[in-house]
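Notes to accompany the following structure.
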Amino acid sequence: MKLPEAYYQSDDVVGLAKDLIGKYLFTRFDGMVTGGYIVETEAYAGVIDKASHAFGGRNTPRTSTMYLNGGVAYVYLCYGIHEMLNIVTSVEGQPHAILIRAINPTLGLDVMQARRNMAVIKPNITMGPGSVAKALGISRKVNAISLKSDILWLEDKGLVISESDIIAAPRVGVDYAGDDALLPYRFYVKGNPYVSKPRKP
DNA sequence: GTTATGATCTCCT
DNA sequence: GGAGATCATAACG
Numbered sequence: 001m002k003l004p005e006a007y008y009q010s011d012d013v014v015g016l017a018k019d020l021i022g023k024y025l026f027t028r029f030d031g032m033v034t035g036g037y038i039v040e041t042e043a044y045a046g047v048i049d050k051a052s053h054a055f056g057g058r059n060t061p062r063t064s065t066m067y068l069n070g071g072v073a074y075v076y077l078c079y080g081i082h083e084m085l086n087i088v089t090s091v092e093g094q095p096h097a098i099l100i101r102a103i104n105p106t107l108g109l110d111v112m113q114a115r116r117n118m119a120v121i122k123p124n125i126t127m128g129p130g131s132v133a134k135a136l137g138i139s140r141k142v143n144a145i146s147l148k149s150d151i152l153w154l155e156d157k158g159l160v161i162s163e164s165d166i167i168a169a170p171r172v173g174v175d176y177a178g179d180d181a182l183l184p185y186r187f188y189v190k191g192n193p194y195v196s197k198p199r200k201p
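If you're matching positions, the first sequence starts at 1 in the UniProt record's numbering and goes up one per residue.
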């Protein structure tokens, strides 16, 4: 059921980012399993991508996780407030990663609702990278954890999103990346209510 | 040691 | 439509 390690070791991050659409993502903390299927991702293509933390081969205590062998999680804090979950791909030394921007929750909705302090469940419970991490209970404590662990993993449940329902678009929040900000490295499911909206200008 | 800033979200007007 | 929250990280002195 879990995706095999080899799945993550493809060199084609962008292709993987698209393929991850429709795969299931689960976490287990304190015995509570929560998760759903991925409806939005963004690829960060290693050292040649200005939007990537590893651009130009930058390797620091934080980004060293991205250089690990594919199949681990890269979690970091952004804006001092939000944790973000990435899937590291490719082989050791190749800092490719995929940001999980949104999932369609299917399991443990009540737990996620409590984690988000929401009175009512609305689509924004797992809409946007910061929200996904919070709803799933993900924090920097699981940075660099293996995806074949029982804490955080992905599954292929045979859900197929039709090719025509997967849209490619420019990434969000990376204006500082110059030309690379325009690359169509963001993928999402057309019409899915959990897909985040691009930020305003 | 100091300083600028971000792969964002939420609430307010 | 817009600002504030809030801090680890990275670059620099």
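Glycine is no exception: its CB is placed at the ideal position from the N, C-alpha and C atoms. All of these numbers come straight from a predicted model, not from anything done at the bench.
So what does DSSP say about residue i, is it helix, strand or coil?
i, result
"LEU16", "helix"
"TYR188", "strand"
"MET112", "helix"
"SER131", "helix"
"GLY36", "strand"
"THR126", "helix"
"LYS141", "helix"
"ALA177", "helix"
"VAL47", "helix"
Taking all protein chains shown into account, decide if residue i is buried (16 or more other Cβ within 10 angstroms of its Cβ) or exposed.
i, result
"TYR176", "exposed"
"MET112", "buried"
"VAL120", "exposed"
"PRO105", "buried"
"GLU83", "buried"
"GLY22", "buried"
"GLY108", "buried"
What is the rounded straight-line gap between the Cα of residue i and the Cα of residue j?
i, j, result
"GLY31", "LEU77", "25 Å"
"LEU147", "GLU155", "10 Å"
"PRO198", "MET127", "11 Å"
"ALA51", "ARG62", "15 Å"
"LYS2", "ALA181", "32 Å"
"LEU136", "ARG101", "13 Å"
"ALA114", "SER131", "13 Å"
Considering only the alpha carbon of each residue, which of the options lies closest to residue i?
i, options, result
"ILE161", "ASP19, PHE26, ALA102", "ASP19"
"residue 202", "THR106, ALA43, ARG140, GLY22", "No information on residue 202 is available, as it lies outside the stretch 1 to 201 that the chain covers here."
"ARG171", "VAL72, ALA17, SER10", "ALA17"
"ILE98", "ALA114, PRO123, GLY46", "GLY46"
"ALA73", "MET118, ASP150, ASP12", "ASP150"
"VAL13", "PRO184, ALA133, SER164, LYS200", "PRO184"
"ASP11", "GLY22, VAL75, VAL88", "VAL88"
* Would you call the stretch 50-58 and the stretch 12-29 touching, i.e. three or more CB-CB distances under 8 Å? -> Here the stretch 50-58 does not lie against the stretch 12-29, with fewer than 3 beta-carbon pairs under 8 Å apart.
* To do: Decide yes or no for the touch test of the stretch 63-76 against the stretch 88-102: beta carbon pairs closer than 8 Å, at least 3 of them.
  => The stretch 88-102 and the stretch 63-76 touch, with three or more beta-carbon pairs separated by less than 8 Å.
* Are the stretch 33-40 and the stretch 178-192 in contact at 8 Å, needing three or more beta carbon pairs? -> The stretch 33-40 vs the stretch 178-192: in contact.
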